[in-house]
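In the numbering used here, the protein residues as written are 105 to 590.
Input: a single structure, listed below in structure tokens.
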Amino acid sequence: MTEFDVVIVGAGLSGIGAAVRLAQDCPDRTYTVLESRAAIGGTWDLFRYPGIRSDSDAYTMSYGFEPWASRQAIADGGDIRTYIQTAADKFGVSRHVRFGTCVRSASWSSQTARWTVHTEVDGAPQTLTCRFLHLCTGYYSYERGYQPEFPGLADFTGPVIHPQHWPADLDVTGKRVVVIGSGATAVTLVPALAKSAAHVTMLQRSPSYVLAMPEVDHIAQLLRKVLPAGVAHTIVRAKNMALLQGIYELSRRRPELAKRLCRKVVLSYLKDPAYVDKHFAPRYEPWDQRLCLVPDGDLFRAIRDGSASVVTDSINRFLPQGIELTSGQILDADVVVSATGLRLLPLGGTKFEVDGAPVDLADTVAYRAVMLSGVPNLSFCFGYTNNSWTLRADLSSRYLCRLLNHMRTHGQDVATPVLPAGVQRVPFLDLTSGYVQRGIADFPKAGTTGAWVVSQNHLKVSRAFGRLDLTEDMIFSACHRAPAEV
């Protein structure tokens with residue numbers, strides 16, 4: 105079969121969730137899920153570095169329709185991968201996944217009101233057509249991460265590893281390891297590697313905000329004993345949504361108080377004010393970049409027991425035996441891990457055309473954070489920056505289902521968001537993180553009013569979801585001519 109009502113691109117957490125919602129809410133629609141890799145899981149199948157885990161709590165990261173059963177509140181990558189596969193099998197969407205299918209481009213025809221999706225399977229081109237295209241491709245390149253050009257890198261005699269492509273046979277037992285970076289990946293790797301390495305140094309150019317979180321949610325465990333699993337899951341998800349949103353709002357409205365609270369948490373583990381102020385006091389405000397979570401303070405405990413340490417400095421050059429810093433200090437290293445971030449890639453790098461005209465994503469504006477101005481019958485998933493990705497991913501899938509059902513009820517074939525005159529354009533993301541700033545110019549923009557605002561307040565967005573006007577700034581058509589943007 106090569107013609108479908110809906111084509112979903114990506115079989116990760118978002119894509120499988122979208123397929124389940126589509127099967128539940130639009131059971132008469134035909135669909136397929138295209139996945140470039142050989143397995144379900146997306147990010148959680150790609151990343152295999154030691155200690156890989158979620159950077160948000162598992163109860164909000166998991167699906168609302170499938171309770172998280174593990175004790176861990178910060179979930180291991182392998183457990184997340186198994187959870188996604190189990191959900192795909194349980195809800196019957198696994199058989200709809202086409203593995204090894206790389207989407208290269210997609211072309212919309214107003215004459216047929218169809219997308220033609222151009223793919224590559226084992227090096228051979230194949231095409232599919234669909235009425236609606238839904239992209240769950242994440243926001244970064246799976247091919248390679250961001251790797252700065254460090255001076256003298258070729259002189260270093262040991263391996264330099266990027267976490268996105270971790271060698272399965274790498275053994276750091278008894279070795280000196282330097283992890284470059286201070287984000288979620290670095291704070292995960294350091295305590296994991298410190299269990300076997302001679303010593304691990306986290307080398308950061310500048311500090312990040314790091315918060316400890318209990319690895320086991322004891323409230324969740326208590327509720328599971330007295331309530332059905334689904335009810336307990338719903339209550340814990342709501343609690344954690346409110347908690348995360350509260351931390352974000354506090355950080356934005358009272359940043360100095362948030363700074364003091366973050367410092368207090370770190371100081372409770374490390375006990376050394378000078379060390380904390382040097383290595384865990386960022387120059388930016390809380391939530392200008394995403395906060396890093398460490399379960400039970402494992403990073404701080406590794407620092408405290410001496411198996412790990414933090415150095416805040418910049419790299420002057422690599423040497424055969426390690427890294428020379430700007431201060432003149434030399435870090436001896438047998439292995440260097442370059443946890444230097446992701447390479448942003450909008451909508452999986454897919455090229456789009458509408459009636460033969462190329463679509464420049466940077467010229468479009470996101471509509472309800474799920475569609476694009478002037479682009480018919482196309483939706484995408486992009487999660488929150490201050491909460492679990494899955495929360496907005498699920499809202500995106502449910503919005504798609506509502507829209508499809510609305511179109512069928514009213515006999516419409518085409519839905520095109522139309523940007524009103526005068527709407528100002530702003531960046532899609534407001535984070536100052538390096539990886540965001542390097543690539544955000546290639547992404548669609550956000551607007552400043554109405555359906556064009558990309559909100560990071562899940563409680564507000566979810567409350568308004570049931571009242572959404574599907575016709576606001578949207579042109580529907582049953583004819584074969586897609587309306588032009590005005």
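Glycine included, each C-beta is placed from N, C-alpha and C at the ideal position.
Keep in mind the model is a prediction, meaning the values are calculated, not measured.
Mind reading off the beta-carbon distance from residue i to residue j? Whole number of angstroms is fine, and I expect it under 8 Å.
i, j, result
"residue 168", "residue 341", "7 Å"
"residue 295", "residue 155", "7 Å"
"residue 146", "residue 181", "Not really, about 11 Å apart at Cβ, beyond 8 Å."
"residue 316", "residue 436", "Contact flag wrong, Cβ pair sits at about 30 Å."
"residue 201", "residue 144", "6 Å"
"residue 412", "residue 306", "7 Å"
"residue 448", "residue 243", "6 Å"
Just reading off the alpha helix (DSSP H) that residue i is part of, what are its end residues?
i, result
"residue 559", "Per DSSP, residue 559 belongs to no alpha helix (DSSP H) and is neither H nor E."
"residue 505", "493-513"
"residue 194", "181-194"
"residue 323", "322-330"
"residue 218", "From DSSP, residue 218 is part of no alpha helix (DSSP H) but of the beta strand (DSSP E) over 218-225."
"residue 575", "Careful: residue 575 lies outside any alpha helix (DSSP H) and carries neither H nor E."
"residue 256", "No alpha helix (DSSP H) contains residue 256, which DSSP labels as neither H nor E."
"residue 540", "538-543"
"residue 163", "162-165"
On the DSSP bridge assignment, give the partners of residue i in chain order.
i, result
"residue 458", "212 and 461"
"residue 476", "470"
"residue 345", "DSSP output for residue 345 lists no bridge partner at all."
"residue 441", "265 and 283"
"residue 549", "469 and 531"
"residue 303", "280"
"residue 308", "416"
"residue 176", "320"
"residue 250", "DSSP lists no partner for residue 250."
"residue 436", "426"
"residue 518", "581"
"residue 244", "448"
"residue 199", "Note: residue 199 sits in no beta bridge, so no partner."
"residue 157", "180"
"residue 205", "225"
"residue 314", "396"
Taking residue i as part of the beta strand (DSSP E), name the residues at either end of that continuous run.
i, result
"residue 238", "228-239"
"residue 109", "107-113"
"residue 297", "No beta strand (DSSP E) contains residue 297, which is instead part of the alpha helix (DSSP H) from 288-298."
"residue 525", "Where residue 525 is concerned, there is no enclosing beta strand (DSSP E), given that its DSSP letter is neither H nor E."
"residue 483", "482-484"
Original post:
Enumerated in chain order, which unbroken segments of the beta strand (DSSP E) with a length of 3 residues or greater are wholly contained in the region 124-154?
Top reply: 135-138
Subject >> Three CB pairs or more closer than 8 Å across the region 512-524 and the region 475-494 >> reply: yes
Subject >> Uninterrupted alpha helix (DSSP H) stretches inside the region 351-430 (no shorter than 4 residues) >> reply: 359-374, 377-383 and 402-408
**OP:** Would you check if the region 192-208 and the region 122-136 touch, i.e. whether three or more CB-CB distances between them fall below 8 Å?
**Re:** yes
Subject >> Three or more C-beta pairs below 8 Å linking the region 375-391 and the region 266-277 >> reply: no
Subject >> Meets three-Cβ-pair contact criterion under 8 Å: the region 213-223 and the region 161-181 >> reply: no
**OP:** Could you tell me whether the region 318-327 touches the region 417-431, using the rule of 3 or more Cβ pairs below 8 Å?
**Re:** no
Original post:
How do the region 342-352 and the region 560-575 stand: do at least 3 beta-carbon pairs fall below 8 Å, yes or no?
Top reply: yes
Original post:
Taking one C-beta from the region 222-240 and one from the region 478-498 each time, how about it: are there three or more such pairs within less than 8 Å?
Top reply: yes
Original post:
Three or more C-beta pairs closer than 8 Å, one from the region 532-543 and one from the region 505-512: is that the case here?
Top reply: no
Original post:
With contact counted as at least three CB pairs below 8 Å, one residue from each stretch, are the region 227-236 and the region 105-114 in contact?
Top reply: yes
Original post:
Are the region 458-471 and the region 548-557 in contact at 8 Å, needing three or more beta carbon pairs?
Top reply: yes
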